[in-house]
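Reading through the structure tokens given below for one structure.
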Amino acid sequence: MDVVRKLAGLEDSLTDETLAPLKSYKYSSVDKSYISRYILKHYWNAFVELLPLWIAPNMVTLLGFGFIVGNVVLLEIYMPDLVGPAPSWVYYSFAIGIWMYSTMDNVDGKQARRTGTSSPLGELFDHGIDSLNCTLASLLEVAAMAQGPTKIGAFTMLIPCLPMFFSTWETYHTHTLYLGYFNGPTEGLIIATTIIIVAGYYGPEIYSRPLADGIGYADLIGNVTFLDIWVFVLLTSFFTAHLPECVYNVVQARRRNGLPVLPIFLEWTSIIISTISAISWVYSPYSFILKDNHLVLFAVTLCFVFGRMTTKIILAHLTRQPFPYWTVLITPLIGGAVLVNLPAIGLPAVGATVELCDAHP
Numbered sequence: 003m004d005v006v007r008k009l010a011g012l013e014d015s016l017t018d019e020t021l022a023p024l025k026s027y028k029y030s031s032v033d034k035s036y037i038s039r040y041i042l043k044h045y046w047n048a049f050v051e052l053l054p055l056w057i058a059p060n061m062v063t064l065l066g067f068g069f070i071v072g073n074v075v076l077l078e079i080y081m082p083d084l085v086g087p088a089p090s091w092v093y094y095s096f097a098i099g100i101w102m103y104s105t106m107d108n109v110d111g112k113q114a115r116r117t118g119t120s121s122p123l124g125e126l127f128d129h130g131i132d133s134l135n136c137t138l139a140s141l142l143e144v145a146a147m148a149q150g151p152t153k154i155g156a157f158t159m160l161i162p163c164l165p166m167f168f169s170t171w172e173t174y175h176t177h178t179l180y181l182g183y184f185n186g187p188t189e190g191l192i193i194a195t196t197i198i199i200v201a202g203y204y205g206p207e208i209y210s211r212p213l214a215d216g217i218g219y220a221d222l223i224g225n226v227t228f229l230d231i232w233v234f235v236l237l238t239s240f241f242t243a244h245l246p247e248c249v250y251n252v253v254q255a256r257r258r259n260g261l262p263v264l265p266i267f268l269e270w271t272s273i274i275i276s277t278i279s280a281i282s283w284v285y286s287p288y289s290f291i292l293k294d295n296h297l298v299l300f301a302v303t304l305c306f307v308f309g310r311m312t313t314k315i316i317l318a319h320l321t322r323q324p325f326p327y328w329t330v331l332i333t334p335l336i337g338g339a340v341l342v343n344l345p346a347i348g349l350p351a352v353g354a355t356v357e358l359c360d361a362h363p
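Yeah, the sequence shown ends on 363 if you go by this note's numbering, and it's all consecutive.
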């Protein structure tokens with residue numbers, strides 16, 4: 003039973019014994035982004051000086067997340083169909099929200115050092131909020147590109163969870179947060195902000211126009227649109243750049259410590275199961291999530307599931323506990339995927355009410 007509890011990450015992680023490693027806590031990170039090091043660093047250093055010393059670092063993090071949540075509420079008011087178009091100022095608000103979230107995410111640690119309040123709780127809170135933000139900020143992109151409640155829209159909000167999970171997994175093994183020359187928290191959010199600003203100026207329909215209208219070469223690329231290549235670009239970036247680098251760094255760390263390598267791949271269990279479940283659910287022809295425009299509800303569900311998954315890994319990293327292979331919050335995703343696909347095996351379909359009740363986090 004103890005073994006099962008450890009594999010599931012169900013053991014009590016807050017005993018005096020498990021909290022002991024926190025006494026030697028020291029945050030470690032590497033950011034190789036040229037934009038961060040040579041441009042934005044000066045902006046962040048200047049911005050943090052504007053914050054009063056009485057504002058706690060975790061409050062800075064929370065304020066940044068508030069910009070995202072506030073814009074999701076704005077989205078529900080002006081663009082509940084995730085298509086629009088909305089007034090231009092709504093898109094600009096989305097862009098400002100993501101930019102301010104990024105700013106606060108980068109100055110909360112500086113505020114902690116200014117106030118002498120750096121702590122493991124700060125890292126847990128900061129990166130936990132980052133996990134929650136993955137799907138919610140992506141919703142703003144879905145709306146800005148007028149993807150609507152579609153399979154592309156579902157992919158747009160799901161894909162960012164993958165690099166966040168594997169960066170957290172990498173940090174668990176290396177004890178250092180590694181951000182490459184091109185990374186999500188910097189270049190990724192700049193691209194997201196730019197996409198939304200363009201939508202505000204030209205209208206979201208620009209992403210459904212043939213690329214040849216803007217760059218030429220119609221004979222070569224035909225009528226391919228930005229949306230046609232969007233998912234391909236996201237997946238290619240993840241599988242060719244981010245994931246291999248994470249795996250390489252973890253393998254090197256394991257070998258330096260004389261630890262076996264193969265067991266680390268079992269630690270992908272939760273993200274693989276949750277991803278397959280989410281896709282099987284939302285892509286099912288029997289599901290009402292996309293048919294009845296409930297993608298925002300589904301995004302909130304994924305937000306809490308993924309947030310719980312990654313914060314357990316962060317806590318295990320901080321307290322040097324066994325890797326948490328599972329979280330019970332994945333169960334609703336599995337249940338939803340099974341329920342909506344019952345007709346595929348000849349059983350009666352569940353109604354929209356039952357499915358949407360399962361989608362509530």
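Don't be surprised by glycine CBs; every beta carbon is placed ideally from N, CA and C. Treat the numbers as computed from the prediction; the structure is a model and nothing was measured.
**Prompt:** If you check the beta carbons only, do L138 and T277 fall under 9 Å apart?
**Reply:** With respect to T277, L138 sits apart: the two C-beta atoms are not nearer than 9 Å.
**Asked** Is there contact between the segment 240-253 and the segment 211-229, where contact requires at least three CB pairs shorter than 8 Å?
**Response** no
**Asked** Does the count of Cβ pairs from the segment 63-74 and the segment 153-171 closer than 8 Å reach three?
**Response** no
**Message:** Nearest by alpha-carbon distance to L268: which of E247, H319, Y327, V252 is it?
**Reply:** Y327
**Message:** Please report the distance separating the alpha-carbon of L9 from that of I275.
**Reply:** For L9, the predicted model reports a pLDDT of 46, less than 50, meaning its position is unreliable; a value from the coordinates is still stated below. Answer to the nearest angstrom: the Cα atoms are 15 Å apart.
**Request:** State the Cα-Cα distance for the pair V32 and F290, rounded to the nearest angstrom.
**Result:** The alpha-carbon atoms of V32 and F290 are separated by roughly 43 Å.
**Item:** Proximity below 9 Å, CB of N73 to CB of I37
**Value:** no
**Asked** Where does V263 fall in DSSP's three states?
**Response** The three-state reading of DSSP puts V263 in coil, since its state is none of H, G, I, E or B.
**Asked** Does DSSP put S282 in a helix, in a strand, or in coil?
**Response** For S282, the three-state secondary structure derived from DSSP is helix.
**Request:** Could you spell out the range, first to last residue, of the alpha helix (DSSP H) harbouring V50?
**Result:** 43-50
**Asked** Should A365 and T195 be called a contact, given that it needs their Cβ atoms to be closer than 9 Å?
**Response** The shown model of the chain, from 3 to 363, leaves out residue 365, and the question about it has no answer.
**Asked** At which residue ranges does the segment 33-118 contain complete beta strand (DSSP E) runs of 3 or more residues, listed in the order of the chain?
**Response** The segment 33-118 contains no whole beta strand (DSSP E) run of 3 or more residues.
**Request:** Leaving out five residues on either side along the sequence, give the residues of the same chain with a beta carbon under 8 Å from the beta carbon of I332.
**Result:** Sequence-distant partners of I332 (beyond 5 residues in either direction) whose C-beta falls short of 8 Å from its own C-beta, in its chain, are S272, I275, S276, S279, V307, M311.
**Asked** Taking C-alpha atoms, which residue in T321, V330, P324, H296 lies nearest to G309?
**Response** V330
**Prompt:** Between the segment 286-305 and the segment 131-150, do at least 3 Cβ pairs fall closer than 8 Å?
**Reply:** yes
**Request:** Return the chain-ordered ranges of every alpha helix (DSSP H) run that is complete within the segment 182-209 and spans a minimum of 4 residues.
**Result:** 191-204
**Prompt:** Between the beta-carbon of W283 and the beta-carbon of A346, is there less than 9 Å?
**Reply:** no
**Item:** Nearest residue (CA-CA) to Y203, options L52, Y93, P54
**Value:** Distances from the alpha-carbon of Y203 to those of L52, Y93, P54 put Y93 closest.
**Residue from P151, W171, N251 whose Cα sits closest to the Cα of F325** = Closest by alpha carbon: W171.
**Prompt:** D132 lies in the alpha helix (DSSP H); which residues open and close that run?
**Reply:** 122-146
**Prompt:** So, is L320 buried or exposed, given that buried needs 16 or more other C-beta atoms within 10 angstroms?
**Reply:** The C-beta of L320 has 16 or more other C-beta atoms within 10 Å across all chains shown, which makes the residue buried.
**Item:** Distance CB(I198)-CB(A146) smaller than 9 Å
**Value:** yes
**Asked** Going along the chain, which residues of its own chain have a beta-carbon closer than 7 Å to the beta-carbon of L12, five neighbours each way excluded?
**Response** Its pLDDT being 44, under 50, L12 is placed unreliably by the model, and the measurement read from it follows with that caveat. None.
**Request:** Leaving aside the five residues before and after L349 along the sequence, list all residues of the same chain whose C-beta is less than 7 Å from its C-beta, in chain order.
**Result:** Within the same chain, no residue comes within 7 Å of L349 by CB-CB distance, once the 5 residues on both sides are set aside.
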